[in-house]
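Take the position in the sequence shown, starting the count at 1, then add 24; the result is the number in the numbering used here. Beta carbons: idealized from backbone N, C-alpha and C, even for Gly. These numbers were taken from a predicted model, which means no experiment stands behind them. So the structure is just underneath, and the comments pick up after that.
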Amino acid sequence: MKTDIRKKKLWPYGEANKVLKRHDYNTDHIYTFETGFGPSGFPHIGTFGEIVRTEFIINGLKDAGFKTKLIAFSDDLDGLRKVPEGMPEWLKEHLGKPVSAIPDPYGECSSFSEHMNSKLRKLLEWMGIEYQFKTSKECYENGDFDEAIKILLSNYKMLEKIIAPTLSKETLENWYPFFPLCEKCGSVLTTVVKEVNLEDYTVRYACTKTHGEVQGCGYEGWQTALGGHGKMTWRVDWPMRWYALGVDYELYGKDLIESFKIGKRIMNQIFRTKEPENMFYEMFLDENGAKISKSKGKGLTVEEWLKYGTIESLYLLMYRRPRKAKELSFNIIPSYVDDVTSLSANYHSNSHPEEHDFNFITRFQGKEKTFPGISYMLICNLMTALKSDDKKLIKNYLSKQKELTEEDIESDFLNDMIEKASRYYHDFVTAKKPEFELSNEDIFLMGQFVGLLYTELTSEEIHNAVYTIARDNGRNPRDFFKIIYLVFIGQDRGPRVGTFVKMIGQEKTIEIVSNAIKSFLSAESV
Numbered sequence: 025m026k027t028d029i030r031k032k033k034l035w036p037y038g039e040a041n042k043v044l045k046r047h048d049y050n051t052d053h054i055y056t057f058e059t060g061f062g063p064s065g066f067p068h069i070g071t072f073g074e075i076v077r078t079e080f081i082i083n084g085l086k087d088a089g090f091k092t093k094l095i096a097f098s099d100d101l102d103g104l105r106k107v108p109e110g111m112p113e114w115l116k117e118h119l120g121k122p123v124s125a126i127p128d129p130y131g132e133c134s135s136f137s138e139h140m141n142s143k144l145r146k147l148l149e150w151m152g153i154e155y156q157f158k159t160s161k162e163c164y165e166n167g168d169f170d171e172a173i174k175i176l177l178s179n180y181k182m183l184e185k186i187i188a189p190t191l192s193k194e195t196l197e198n199w200y201p202f203f204p205l206c207e208k209c210g211s212v213l214t215t216v217v218k219e220v221n222l223e224d225y226t227v228r229y230a231c232t233k234t235h236g237e238v239q240g241c242g243y244e245g246w247q248t249a250l251g252g253h254g255k256m257t258w259r260v261d262w263p264m265r266w267y268a269l270g271v272d273y274e275l276y277g278k279d280l281i282e283s284f285k286i287g288k289r290i291m292n293q294i295f296r297t298k299e300p301e302n303m304f305y306e307m308f309l310d311e312n313g314a315k316i317s318k319s320k321g322k323g324l325t326v327e328e329w330l331k332y333g334t335i336e337s338l339y340l341l342m343y344r345r346p347r348k349a350k351e352l353s354f355n356i357i358p359s360y361v362d363d364v365t366s367l368s369a370n371y372h373s374n375s376h377p378e379e380h381d382f383n384f385i386t387r388f389q390g391k392e393k394t395f396p397g398i399s400y401m402l403i404c405n406l407m408t409a410l411k412s413d414d415k416k417l418i419k420n421y422l423s424k425q426k427e428l429t430e431e432d433i434e435s436d437f438l439n440d441m442i443e444k445a446s447r448y449y450h451d452f453v454t455a456k457k458p459e460f461e462l463s464n465e466d467i468f469l470m471g472q473f474v475g476l477l478y479t480e481l482t483s484e485e486i487h488n489a490v491y492t493i494a495r496d497n498g499r500n501p502r503d504f505f506k507i508i509y510l511v512f513i514g515q516d517r518g519p520r521v522g523t524f525v526k527m528i529g530q531e532k533t534i535e536i537v538s539n540a541i542k543s544f545l546s547a548e549s550v
């Protein structure tokens, strides 16, 4: 059933409408999306995010019944600038060469770029995404870009005016939009164009430039600019792809805003056509609020996230507010896993599920999933309080939740959740000892809390009693709840106290809290 998305408020529908308006909602047109990949390293979480967000928009068009095509483009003619961290030093002898001309350091594929491309393709296929894979090497060598290259070189002066404001005076003196591939050393980073013949689009070049650690070999000669014997500079190459491949839409990171503006001018002034519809997305921040640098090896990988969290929680991270900078750290995984569960409950009770966020984050992998109302954070808290990650024990305590059925308790979803929570518990909870101070008054209040648990109470009575103890002793109830959580599970917040106590059991809670206080007092006396 087709969906009229013109008045839908979810952001993927908004972006989808921008693309559709471009061709007046033409049902015969195949709306082409592009996502770029630099194969000088492994696909990282930023690559994943761009693909996923693009697919959200594509699914918006599909909901409306329009035809789409996704081009996954690998810039494998890009020269290797430095040896990536963790890779063999022998790669130094190949610096400057296109990554498609460098041997695979892992000995598995025909080239360095092919190894990285294979990882990207496996990721796309694992996600169930339909795509058309293209590489710079193939497109240049097959002549797919020849027409565009001729237009660009024939309009060199106009192109120079567009690019000039972004270049230093020194760079501008030797600047030319085409990098010939040196016939002697194979470098694409160290060649300088000296002369151009626009009758046959050949260039005279010298391999004399120094680029970082790469020194030109000194060779001079003539080379054609067509058929894959070099490549255009990045800021020219990008709009050239839009023109040659008929790209209707592309996402890009905030760090490429200026590059996009230049690309837009090249499309408008040189190719005499409109730039693709587009949206930039914000960058990720680390737990301290600093921008994550992939070159410094910061941030999480997709594999690291999936070690502890569900794939849907990672989709949700990419879905939410793409134009807002967000934290990307291990700290946020539990809350995102639980947010998916909450979204699921809301989605299934919603009268318009097609207008729900959940509809976008669960359409990958091509299979239906159920999300029982089980909290990842609750499982972690149980493991912390019980000092055990035994699956049978955890399930026994979870079974006390009235809303969970026996089917939920034995589901693959819960088994997977417990395994992931167990890894998180061992790697981040037990590895990080909680640091907190208890005053004599705090210990006195905790004694009263333990005392009330000797009488069988309901969860609501326990919760209300915490307020009563705090107020009777002139304390802010919020502060007292914080003390209980710190003693109970080593964190300053947690599940509703009464509910958690009843799940653990009052007798077990007395034991846990009493032992925690004894441990604190013995540490203080040392």
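Buried or exposed (CB count within 10 angstroms, at least 16 for buried), residue i
i, result
"S134", "exposed"
"I281", "exposed"
"L417", "exposed"
"Y491", "exposed"
"N41", "buried"
"K161", "buried"
"S546", "exposed"
"P36", "buried"
"Y360", "buried"
"K121", "buried"
"G321", "For G321, the predicted model reports a pLDDT of 49, less than 50, meaning its position is unreliable and no value from the coordinates is stated."
"H372", "exposed"
"K33", "exposed"
"S192", "exposed"
"V550", "Any reading at V550 must be qualified, since the residue scores a pLDDT of 49, below 50, and its modelled position is unreliable; no value is offered."
"S543", "exposed"
"E431", "exposed"
"W150", "exposed"
Which residues DSSP lists as bridging residue i, in chain order
i, result
"E30", "Going by the sequence as given, residue 30 is Arg instead of Glu. In the DSSP output, where bridge partners are listed per residue, R30 has none listed."
"R228", "E219 and W246"
"K158", "F97"
"P122", "G103"
"L309", "K315 and E351"
"H235", "V238"
Residue interval of the alpha helix (DSSP H) (run including residue i)
i, result
"I95", "Here I95 belongs to no alpha helix (DSSP H); instead the beta strand (DSSP E) covers K91 to S98."
"C404", "Y400 to L410"
"Q472", "N464 to L476"
"M291", "I281 to Q293"
"D440", "D436 to Y448"
"M140", "F136 to W150"
Range of the contiguous beta strand (DSSP E) that encloses residue i
i, result
"M303", "E301 to Y305"
"P204", "F202 to P204"
"L55", "Going by the sequence as given, residue 55 is Tyr instead of Leu. Per DSSP, Y55 belongs to the beta strand (DSSP E) from I54 to F61."
"M256", "G254 to M256"
"Y273", "Y273 to G277"
Closest Cα partner of residue i within the set the options
i, options, result
"Q472", "G277, M441 and F504", "F504"
"T297", "K288, F57, D451 and G240", "K288"
"V474", "S353, M441 and V525", "V525"
"K233", "I507, Q247, C206 and N221", "C206"
"I541", "K26, G62, S463 and F295", "S463"
"W258", "K181, D100 and I528", "D100"
"T394", "S366, E379 and A172", "S366"
"D28", "H376, G529 and K456", "H376"
"W246", "N539, W262, H235 and D224", "D224"
"V537", "A494, H380, D414 and I467", "I467"
"N141", "F157, P129, I126 and F308", "F157"
"I95", "L44, V364, E274 and E165", "E274"
"H253", "E58, N500, M470 and Y229", "Y229"
"L340", "F80, V238 and E379", "F80"
"V521", "D496, A489 and R495", "A489"
CB contact flag (residue i, residue j, <8 Å)
i, j, result
"V123", "S211", "no"
"T533", "L477", "yes"
"A409", "I486", "no"
"I403", "I442", "yes"
"T78", "Y55", "no"
"I14", "L352", "Past the edges of the chain, shown from 25 to 550, lies residue 14, and the structure says nothing about it."
"G89", "K26", "yes"
"E311", "T386", "no"
"L269", "E58", "yes"
"G152", "F382", "no"
"A172", "M307", "no"
Residue-level contact to chain D via CB, residue i, 8 Å cutoff
i, result
"H487", "The chain inventory of the structure shown lacks chain D, comprising one protein chain alone."
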